[in-house]
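Undergrad: Pasting a structure below so you can have a look.
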Amino acid sequence: MTATLNWAIQETLFIFRSEPATVEERTEYLHQLRRENCPCFVAYADDGTYLGWALYRPYRDPKVWLGCYETTIYVDPAAHGKGVGTRLLEAVVQHARQAEQVHTLLALIVPDNTASIKLHEKFGFATVGTLKEVSRKAGQWLDLAHLQLMV
């Protein structure tokens with residue numbers, strides 16, 4: 000999971016982070032998710048090959064943003080275009096629809112990440128706004144689209 004995240008950090012403009020993640024940091028992050036009762040889904044091929052991961056977590060301060068959760072999804076580059084993202088996001092949305100505490104899901108996506116935008120739209124997410132030039136990476140200003148799904 001950490002390797003997939005680090006690939007996205009190093010090879011794309013789609014994540015607003017410049018420093019690689021560590022296994023220790025990600026382990027603590029997963030423990031925090033568990034404490035917050037948030038799922039993390041991991042996809043594997045039939046032969047056990049790792050394919051990707053997805054989750055939802057509270058958006059900002061959950062005491063203020065009650066019922067509002069943010070999705071995260073990363074697919075291993077070797078598995079791009081093979082339906083892995085669809086299966087992962089389907090699991091996230093289905094779980095969120097059954098979770099009493101979840102009222103809405105947000106996806107914060109760089110608009111140039113058209114595959115992720117289309118994937119989320121396939122599940123009913125709609126773009127509700129775009130923040131212009133809110134991050135700078137690799138010498139480029141990046142926008143951030145906000146997509147939302149009421150569950």
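Residue numbering for the sequence shown follows numbering that gives the first Met the number 0, starting at 0 and increasing by one per position.
From the three backbone atoms N, C-alpha and C, an ideal C-beta is built for every residue, glycine too.
Tell me whether the beta-carbon of Ala125 lies closer than 9 Å to the beta-carbon of Leu148.
TA: Working through the sequence shown from its first residue, we reach residue 125 at position 126. Working through the sequence shown from its first residue, we reach residue 148 at position 149. Yes. Within cutoff.
Undergrad: What runs of the alpha helix (DSSP H), each 4 residues or longer, lie entirely inside the segment 85–135?
TA: Complete alpha helix (DSSP H) runs here, min 4: 113–121.
Undergrad: In whole angstroms, give me the CA-to-CA distance for Gly80 and Asp111.
TA: Here residue 80 refers to the residue found at position 81 of the sequence shown. Here residue 111 refers to the residue found at position 112 of the sequence shown. One C-alpha to the other measures close to 16 Å.
Undergrad: Can the beta-carbon of Ala95 be found less than 9 Å from the beta-carbon of Tyr68?
TA: Here the question's residue 95 lines up with position 96 in the sequence shown. Here the question's residue 68 lines up with position 69 in the sequence shown. Cβ distance < 9 Å, so Ala95 and Tyr68 count as in contact.
Undergrad: Using CA atoms only, rank isn't needed, just tell me which of Thr70, Tyr49, Ala53 and Gly51 is closest to Val59.
TA: Position 60 of the sequence shown holds residue 59. For the record, residue 59 in the displayed sequence is Arg; it is not Val. It is Thr70 whose Cα lies nearest to the Cα of Arg59.
Undergrad: Distance check for Gln139 and Cys37, CA to CA, integer angstroms please.
TA: Reading the sequence shown from its first residue, position 38 is the one you call residue 37. Reading the sequence shown from its first residue, position 140 is the one you call residue 139. The alpha-carbon atoms of Cys37 and Gln139 are separated by roughly 33 Å.
Undergrad: Mind checking who Ala144 pairs with in its DSSP beta bridge?
TA: Sequence index remark: in the sequence shown, residue 144 carries index 145 (1-based). Answer is Ile108 and Thr129.
Undergrad: Is Leu4 buried or exposed, if buried means 16 or more other CB atoms sit within 10 Å of its CB?
TA: As a first step, residue 4 is located in the sequence shown; it is residue number 5 there, counting from the start. Flag for Leu4 reads buried.
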